[in-house]
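To convert, take the position in the sequence shown, counting from 1, and add 27; that gives my numbering.
For reference, the structure is listed below as structure tokens.
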Amino acid sequence: MEKLKNYRRDLSRRVIGIVLAAAALYYILWLPGVLNRGVWWLAYPFFMAHSFFVILVYVTVFNNWSRSQIRMSRCTTNMMPYVAVLVPTYNEPVTMVRKTLESVLTQRWPLEKLVIVVGDDGYRREIRHMVEGLQGRYLPACIHYLQPPAKYTSFRKGNAKDGNLNAMLDFVVEAYPDIQFIESRDADDLVSDLHFLQCTVGYLLCHPRTAYVQTIKDALVSRGDPFGNRLTYFYQGMMLSRDAANAAFPCGSGLVWRREHLVAIGGFSTWNVVEDLYSGYVALQRGFRGAYLPIVGALAQVAPEDLPNIYKQFGTWALDTFRLCLWKCPLTIKGLTVRQRLQFMELGLFYLSSIPLLILMLVPIISLTCQVKPFIVDPLNYGLHFWPYALLVEAFALVLGSDVALKETWRAKQMQVCLMFVYIKAFLLALYYGPLKKPQYIVTRKVRRAQLYWREILPHLALFGLLLIAVTYHIVLCSVQHFKRLDPGSLYWAALYIILLTASIRRSWYGVDLKKHFSSVLQKRKPEYRTLGKQWKQSTY
Numbered sequence: 028m029e030k031l032k033n034y035r036r037d038l039s040r041r042v043i044g045i046v047l048a049a050a051a052l053y054y055i056l057w058l059p060g061v062l063n064r065g066v067w068w069l070a071y072p073f074f075m076a077h078s079f080f081v082i083l084v085y086v087t088v089f090n091n092w093s094r095s096q097i098r099m100s101r102c103t104t105n106m107m108p109y110v111a112v113l114v115p116t117y118n119e120p121v122t123m124v125r126k127t128l129e130s131v132l133t134q135r136w137p138l139e140k141l142v143i144v145v146g147d148d149g150y151r152r153e154i155r156h157m158v159e160g161l162q163g164r165y166l167p168a169c170i171h172y173l174q175p176p177a178k179y180t181s182f183r184k185g186n187a188k189d190g191n192l193n194a195m196l197d198f199v200v201e202a203y204p205d206i207q208f209i210e211s212r213d214a215d216d217l218v219s220d221l222h223f224l225q226c227t228v229g230y231l232l233c234h235p236r237t238a239y240v241q242t243i244k245d246a247l248v249s250r251g252d253p254f255g256n257r258l259t260y261f262y263q264g265m266m267l268s269r270d271a272a273n274a275a276f277p278c279g280s281g282l283v284w285r286r287e288h289l290v291a292i293g294g295f296s297t298w299n300v301v302e303d304l305y306s307g308y309v310a311l312q313r314g315f316r317g318a319y320l321p322i323v324g325a326l327a328q329v330a331p332e333d334l335p336n337i338y339k340q341f342g343t344w345a346l347d348t349f350r351l352c353l354w355k356c357p358l359t360i361k362g363l364t365v366r367q368r369l370q371f372m373e374l375g376l377f378y379l380s381s382i383p384l385l386i387l388m389l390v391p392i393i394s395l396t397c398q399v400k401p402f403i404v405d406p407l408n409y410g411l412h413f414w415p416y417a418l419l420v421e422a423f424a425l426v427l428g429s430d431v432a433l434k435e436t437w438r439a440k441q442m443q444v445c446l447m448f449v450y451i452k453a454f455l456l457a458l459y460y461g462p463l464k465k466p467q468y469i470v471t472r473k474v475r476r477a478q479l480y481w482r483e484i485l486p487h488l489a490l491f492g493l494l495l496i497a498v499t500y501h502i503v504l505c506s507v508q509h510f511k512r513l514d515p516g517s518l519y520w521a522a523l524y525i526i527l528l529t530a531s532i533r534r535s536w537y538g539v540d541l542k543k544h545f546s547s548v549l550q551k552r553k554p555e556y557r558t559l560g561k562q563w564k565q566s567t568y
């Protein structure tokens, strides 16, 4: 039954992909002939933006042609080897770290086969005492507290999380030379699936050329996952395609390495902003394999649900990807297959698509206010060429997500608009810092701060205002002159972008009761108003 279901998914994805590729080619080859070269400054960016998205469509269709069919291989009790679990921490709440360690210790794995190392970059006494207490409660396991070398010293291999992980890895190699498998787990990530180690280590035992196994990273989120932290679309769809091309990459937590291969690549990489993506990239270059298992191996206790924290986390991932694609380009670097190169390039193209997206959002503003279009053709003719392509893009996006709901696909579009300026900034930072200088890594805050974040959405407010003004101006102008001059196409796109921007703007006060907020602000200002009233009454006027 499952095989038939997978066959139908593959068939629908491939058929829609082929038809989409044909429609995209038909549209993009037709478009240059109808461009309005009289306003080349609008027409050429419009054409280049659409060309970029057509390239992205072709890469995505090719990359998602095949998906892996995972077969779980669990360890039997008599085959379970020793595993070292590395847990780096830096000022996370002690209770949060304790819950993570307890989840590691209570999964279905013999305690006597577990070695846990807690690397404390915060050098906190509370963490040391907590680790010592757990060691007393779970005596068969070996739980170590480790203070890595101080940052920016010659003894440390990496000044952020990478340095902490490398210090713990060196400790394990020296103290436990026979341990074959290394798990890395963020200090706030619980073990969700009790069979996590059984599945990941079992897979590594059955596949000796595999260097690492990544699992799903889930998160405890507010109702409806308003910021898309669960990344369901990615883990339930795209990662299966990457796994089929041997291009699944580490995501930092819920991850098990084969120690021999990790040591062979020099430990956790220190070149990029975060260590996970590039470490896997180097392993694949060396000819090792990476794997992905669709089980929930890590469950974040707290997900970022305020704009500054969301910007920080997603911006870091984008910056990491841009540095890799610009300075260690998958298209030119040695050791990768064609499929692997395109899988990694798709990551960079996705983040880079924010620039053509911004261009396309500016086009209706200019068209409606200046009464010009980037093309010279009647609306019906344009619609016959464009709308089949546009509708097929939406259909393909749905089948890419497998069982992901339509609502989550729509949320992904909202988040792309919300993070558009963050991704553009990440691209500029990657260019500015170059290959030799690395931007400083900042740990994602583990506490939610619900408040009004107006500064963070100023660019969105500006775009929203310009679109609203353009729509109003165009409608008023056409009502005064003639409604035949109405531009329904530009009005449609302007309305769509306004809806998407509204969703972004609403996220700036997520978790805040606006009525209570503004009433408290007014209450604070009342004494000022009373003082001003008294001063006015006592004045000579």
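C-beta atoms are modelled at their ideal positions from N, C-alpha and C, and glycine is treated no differently.
inquiry  = Can you look up Leu559 in the DSSP assignment and give me helix, strand or coil?
reply    = Counted from its first residue, the sequence shown places residue 559 at position 532. Confidence at Leu559 is low in this model, with a pLDDT of 47, below 50, so the placement of that residue should be treated as unreliable; the coordinate-derived value is given next. In this structure, Leu559 counts as helix in the three-state DSSP scheme.
request  = Apply the 10 Å Cβ neighbour rule to His501 and answer buried if 16 or more other Cβ atoms are within range, or exposed otherwise.
outcome  = As a first step, residue 501 must be located in the sequence shown, where it is residue number 474. Using a 10 angstroms sphere on the CB of His501, the tally of other CB atoms reaches 16 or more, which defines it as buried.
request  = Label Gly60 either buried or exposed according to how many other C-beta atoms from any shown protein chain fall within 10 Å of its C-beta, with 16 as the threshold for buried.
outcome  = Mapped onto the sequence shown, residue 60 falls at position 33. Around the CB of Gly60, fewer than 16 other CB atoms lie within 10 Å, so the residue is classed as exposed.
request  = Note down, in chain order, each residue of its chain lying with its Cβ closer than 6 Å to the Cβ of Val654, except the 5 sequence neighbours on either side.
outcome  = Residue 654 is absent from the model: the chain starts at 28 and stops at 568.
key: Contacting residues, own chain, Cβ-Cβ under 7 Å from Pro204 (five flanking each side not counted)   = By 1-based counting over the sequence shown, the position of residue 204 is 177. Excluding positions up to five away in sequence, the list is empty.
C-alpha distance - Tyr239 paired with Val323, whole-angstrom precision = Counted from its first residue, the sequence shown places residue 239 at position 212. Counted from its first residue, the sequence shown places residue 323 at position 296. Roughly 16 Å between the two C-alpha positions.
query = At which residues does the alpha helix (DSSP H) containing Asp303 begin and terminate?
reply = As a first step, residue 303 must be located in the sequence shown, where it is residue number 276. Looking at the DSSP string, the run of the alpha helix (DSSP H) that includes Asp303 is 302-312.
query = Val390: which of Gly149, Ser78, Gly410, Trp68 sits nearest, CA to CA?
reply = Taking the first residue of the sequence shown as position 1, residue 390 is located at position 363. For Val390, the closest C-alpha among the options Gly149, Ser78, Gly410, Trp68 is that of Trp68.
key: Within 8 Å, strictly: CB atoms of Asp215 and Ala327   = Within the sequence shown, the letter at position 188 stands for residue 215. Within the sequence shown, the letter at position 300 stands for residue 327. In contact: Asp215 and Ala327 (Cβ atoms closer than 8 Å).
CA nearest to the CA of Leu56, picked from Leu267, His412, Val42, Ala187 = Start at 1 with the first residue of the sequence shown, and residue 56 comes out as number 29. Of the candidates Leu267, His412, Val42, Ala187, the one whose C-alpha sits nearest the C-alpha of Leu56 is His412.
task = Mark Gln241 as exposed unless 16 or more other C-beta atoms lie within 10 angstroms of its C-beta, in which case mark it buried.
result = As a working mapping, residue 241 is identified with position 214 in the sequence shown. Classification of Gln241: buried, given that the 10 Å Cβ count is 16 or more.
ask   = What do you reckon, are the CB atoms on Pro383 and Phe371 nearer than 8 Å?
value = Numbered from its first residue, the sequence shown carries residue 383 at position 356. Numbered from its first residue, the sequence shown carries residue 371 at position 344. Contact: no.
query = Does DSSP put Arg35 in a helix, in a strand, or in coil?
reply = The count along the sequence shown starts at 1 and reaches residue 35 at position 8. In the structure shown, the three-state DSSP call for Arg35 is helix.
query = Looking only at C-alpha atoms, which of Asp220, Ile337, Leu304 sits nearest to Arg472?
reply = Start at 1 with the first residue of the sequence shown, and residue 472 comes out as number 445. Nearest option by C-alpha distance: Ile337.
message = Can you look up Lys244 in the DSSP assignment and give me helix, strand or coil?
response = Here the question's residue 244 lines up with position 217 in the sequence shown. Lys244 sits in a strand when the DSSP states are folded into three classes.
query = Which term fits Lys511, buried or exposed, when burial requires 16 or more other beta carbons within 10 angstroms of its beta carbon?
reply = Counted from its first residue, the sequence shown places residue 511 at position 484. That one is exposed.
query = How would you call Val131, buried or exposed, if buried means at least 16 neighbouring beta carbons within 10 angstroms?
reply = Counted from its first residue, the sequence shown places residue 131 at position 104. Result: buried.
Pairwise C-alpha distance: Gln550 and Leu559 = The count along the sequence shown starts at 1 and reaches residue 559 at position 532. The count along the sequence shown starts at 1 and reaches residue 550 at position 523. For Leu559, the predicted structure reports a pLDDT of 47, less than 50, and the residue's modelled location is therefore unreliable. A value from the coordinates is still provided. Approximately 15 Å between the Cα atoms of the pair.
ask   = Hey, how far is the Cα of Ala417 from the Cα of Leu52?
value = Taking the first residue of the sequence shown as position 1, residue 417 is located at position 390. Taking the first residue of the sequence shown as position 1, residue 52 is located at position 25. Near 12 Å, if we compare the C-alpha coordinates of Leu52 and Ala417.
request  = Please specify which runs of the alpha helix (DSSP H), each continuous and at least 4 residues long, are wholly inside the stretch 360-446, giving them in chain order.
outcome  = 365-379, 381-397, 406-427, 433-445
task = Excluding the 5 residues preceding and the 5 following Ser394 in the sequence, name in chain order all residues of the same chain whose CB lies nearer than 6 Å to its CB.
result = Numbered from 1 along the sequence shown, position 367 holds the residue referred to as residue 394. If we look at Ser394 and ignore the five residues flanking it on each side, its Cβ neighbours are Lys400, Ser517.
query = Near Leu427, which residues of its chain fall below 8 Å by C-beta distance, leaving aside the five closest residues on each side in sequence?
reply = By one-based count along the sequence shown, residue 427 stands at place 400. These residues qualify, in order along the chain: Arg40, Thr87, Asn91, Tyr260, Gly264, Met265.
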